[in-house]
Structures are given as structure tokens and as C-alpha cells.
Amino acid sequence: MRETRPWKGKKMSEIKLEGLKRVIGRYPRAVVAFSGGVDSSLVLKVSADVLGNSNIVAVTGSSETYTRSELQDAKKTALRFGVEHVVMETAELADENFSSNDEKRCYYCKREFYAKLFAFAQSRGISTVFDGSNVDDEGDYRPGRVAAEEFGVVSPLVEAGFNKGDVRTLLRSWGLDFWNKPSNPCLASRIPYGSAILKEKLGMVESGEAFLVEYGFSNVRVRHHGEIARIEVPPSEIERIAGEENRKKIIEYFKKLGFLWVTVDLEGYRTGSLNEILKRR
1 MRETRPWKGK
11 KMSEIKLEGL
21 KRVIGRYPRA
31 VVAFSGGVDS
41 SLVLKVSADV
51 LGNSNIVAVT
61 GSSETYTRSE
71 LQDAKKTALR
81 FGVEHVVMET
91 AELADENFSS
101 NDEKRCYYCK
111 REFYAKLFAF
121 AQSRGISTVF
131 DGSNVDDEGD
141 YRPGRVAAEE
151 FGVVSPLVEA
161 GFNKGDVRTL
171 LRSWGLDFWN
181 KPSNPCLASR
191 IPYGSAILKE
201 KLGMVESGEA
211 FLVEYGFSNV
221 RVRHHGEIAR
231 IEVPPSEIER
241 IAGEENRKKI
251 IEYFKKLGFL
261 WVTVDLEGYR
271 TGSLNEILKR
281 R
């Protein structure tokens, strides 16, 4: 007689969702480290569904390294899900370990954030903190994960085997219009290791990327190499961004920001391109 399996006839997304619900269901209450991106949005929604809105608090860290547009998106999504949302001010730039920008930059940032986050959770009588890490994150250099492990942050998507594609597929199936929202890590990730992180540099990057988004380049990075701006867009959009009309306007705007030279990376957009120097070393 054939064994009956509980997942027979189910889609992989449904199977993984059930696993995610089981992981989250182990905890009575939780604080969600909420960036407003697709990963933490999925964790927030399922946490609210499984544990109830009153047992979940979304907390977003806000500083010069976090874009204003991302903060607004986080506020809108938390409101949409009916979850309490707290914006927590952080001060990474005041930490010389972070602002000097060595290879452990992300660790120092996350260490400060999680210290404040767990203190907040404790003040609410909550012992569990969720983040939005997925299994794809384990394939890149992410020292911030070390800080998460030190503090005992729970990563439900990792435990349930979700990659980025799984997250987007599920959000799309629910009709959530931000399912294909591009990833947007902190602005410090646009500054090469060894180059000091300054408020002025972060402002130049944020303004430059916002300008390009207005022109329809949604998946874009502006890497700050001193007097040089290195722009990354998907390879399919390189021809458009280098077209005569766009080129002139971009050069004019970026020079007003303070860049002396404006370049387009012919390799195109890729996540964590500044980590490539670590592989070479």
C-alpha cells in the first residue's frame, strides 16, 4: 500500500509556507526586525497571521544609512498588515568601528541594532526577535549574520528553507503589489571598504539613486568611489542609461551632487559588487 504523504498534490510554495508557520508558531510573541523589504514583509505578515497582530511588533532602525523612501515603505506595509510599528533611531556613524568601514562594518552596525532591539523587546516582555534572512543570504559575505547569531535572532525563512524566489512567489500569489520590489540594503554598502563612511557620502548616494529611479531605473546602485560615481543598472538597461538624452542629464545632476566623474559599470548591477575585492584578496 502506498504511503500517504501530507504534501502530496501541494505546490512547493504551499509546503514551505506550512513549514514557515510551524517555525513561527513555536513562539508566543515576537519582535520583527523590519526593513520594509520583501523578506521581512513576509515574516511580518505570516507572524501576524499565526500569532495574532497583538503579539507582534515591527521595529525599523532609522539612521543616515537608511533611505527615506525605505522608511516610508516600511510604515505603509506595517499599517497595511495592521501591526504596531516602532521606528528606532540608531547611530552607526558615531561608532568609529563602523564609520572607518573595514570588512566587519556590517557586524558593528547589526551589533548595535540588535542590542537596542533586544532591550526594546525585553521592555515589552518579549524574548524572541525574528529577522528576514533567507537561505540565499548564506551564500554571500554577510558579517551581520554573526551579530544575529550572537544575540540569538531567529531566522524563520532560513529554517523553513525559503530563498528569495520563494518569497516573491508567495507574495505575488497573495496579490501584494510589492512582491517584485528590488532589494535595497543600507547606503553604506555603496561605499568601498577602507573609505570612511560620512553623512555627506551617504546623502550623495541616496540623492543619485533617487534621481535614477525617477527615470525608471528601478534596480540601480550608485557606488561612491571618491570623486567617481560608478552606476550599476541591469545589463539590459545599460544602453538606455548611456543614451545621449539620459547621459547628459545624469552627468549634470551627479556633478551637482559633488562627483567629478560619472561612470556606468559595463558588468551591470549585481548584489554585493563591493565584496568582489574580498574574493580577490
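Note that the working numbering numbers the sequence shown so that position 60 is 60, with each residue one more than the last. Beta carbons: idealized from backbone N, C-alpha and C, even for Gly. All figures in this text were calculated on a predicted structure; none of them were measured in a lab.
- Under the criterion of beta carbons closer than 8 Å, A210 and S100 do not qualify as touching, at roughly 27 Å.
- F130 carries a strand assignment under DSSP once its states are collapsed to helix, strand and coil.
- Assigned with DSSP and collapsed to three states, G144 falls in helix.
- Here E103 carries a coil assignment [DSSP, helix/strand/coil].
- Per DSSP, the continuous alpha helix (DSSP H) segment holding E245 begins and ends at E244 to L257.
- With respect to the 8 Å criterion, T65 and L187 are classified as neighbours on the basis of their beta carbons.
- In terms of Cα proximity to D102, the closest of R142, T128 and E200 is R142.
- N184 places its beta carbon 8 Å or farther from that of R168.
- When DSSP reads this structure, S62 sits in a beta bridge with E89.
- Under the three-state reduction of DSSP output, A33 falls in the strand class.
- The C-alpha of T67 lies about 33 Å from the C-alpha of E14.
- Taken in chain order, the complete beta strand (DSSP E) segments of 3 or more residues contained in the stretch 146-214 number zero; there are none.
- Bridge pairing for E237: absent [DSSP].
- In the structure shown, T77 falls within a helical segment according to DSSP collapsed to helix, strand and coil.
- I228 is classed as exposed because its beta carbon has fewer than 16 other beta carbons within 10 Å across all chains shown.
- For E84, the closest C-alpha among the options F120, N55 and M204 is that of N55.
- One alpha carbon belongs to L212, the other to G125, and they sit about 44 Å apart.
- Judged by their CB atoms, L257 and R223 are not nearer to each other than the 8 Å cut-off.
- Comparing C-alpha distances from G216 to each of E206, E237 and F151 shows the shortest one belongs to E237.
- Under DSSP, T263 forms a beta bridge with R230.
- A Cβ-Cβ distance of about 7 Å is found for the pair E89 and S63, placing them in contact under the 8 Å criterion.
- Here L260 has E227 and I228 as same chain residues with Cβ atoms under 8 Å from its own Cβ, once five neighbours each way along the sequence are excluded.
- Judged by DSSP in its simplified three-state form, R22 adopts helix.
- For V222, the enclosing beta strand (DSSP E) has its first and last residue at R221 to H225.
- A distance of 8 Å or more separates the beta carbons of V23 and E149.
- Judged by DSSP in its simplified three-state form, V135 adopts helix.
- The beta-carbon distance between E70 and S35, rounded to whole angstroms, is 7 Å. This is short enough to meet the 8 Å contact definition.
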